[in-house]
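Notes follow once the structure below has been shown.
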Amino acid sequence: MTLKLKELRESRGITQTFISKQLGFDSVSSYSMIEKGKRRLDVIKAKKLAEIFGVEIEELFFENNLAKTAKDSVCE
9 MTLKLKELRE SRGITQTFIS KQLGFDSVSS YSMIEKGKRR LDVIKAKKLA EIFGVEIEEL
69 FFENNLAKTA KDSVCE
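Residues 9 to 84 (our numbering) are what the sequence shown spells out, left to right.
The structure is reproduced here in structure tokens:
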């Protein structure tokens, strides 16, 4: 998930400072630790982060899109 968060953030031109403020963190390092895998998100912040990125919450936690995964398993 950590690499995915950084890629999503950078691809949308969003700063860690912006996300930190949106999630209610006191410092940028709090969010930075999440991107580095040293801290976890609670469910409420994970939902908010998905909204910021404009993705479904599942996309933050699973490597492949769930719909694609389901389709692939049916085709096998």
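Beta carbons are placed, not taken as given, at the ideal position from N, Cα and C, and that holds for glycine.
When DSSP states are grouped into helix, strand and coil, threonine 25 belongs to the helix group. Rounded to whole angstroms, the gap between the alpha carbons of serine 28 and phenylalanine 70 is 22 Å.
Contact between the stretch 58-68 and the stretch 37-47 is not established, with fewer than three Cβ pairs separated by less than 8 Å.
Secondary structure at phenylalanine 61: helix, using DSSP grouped into helix, strand and coil.
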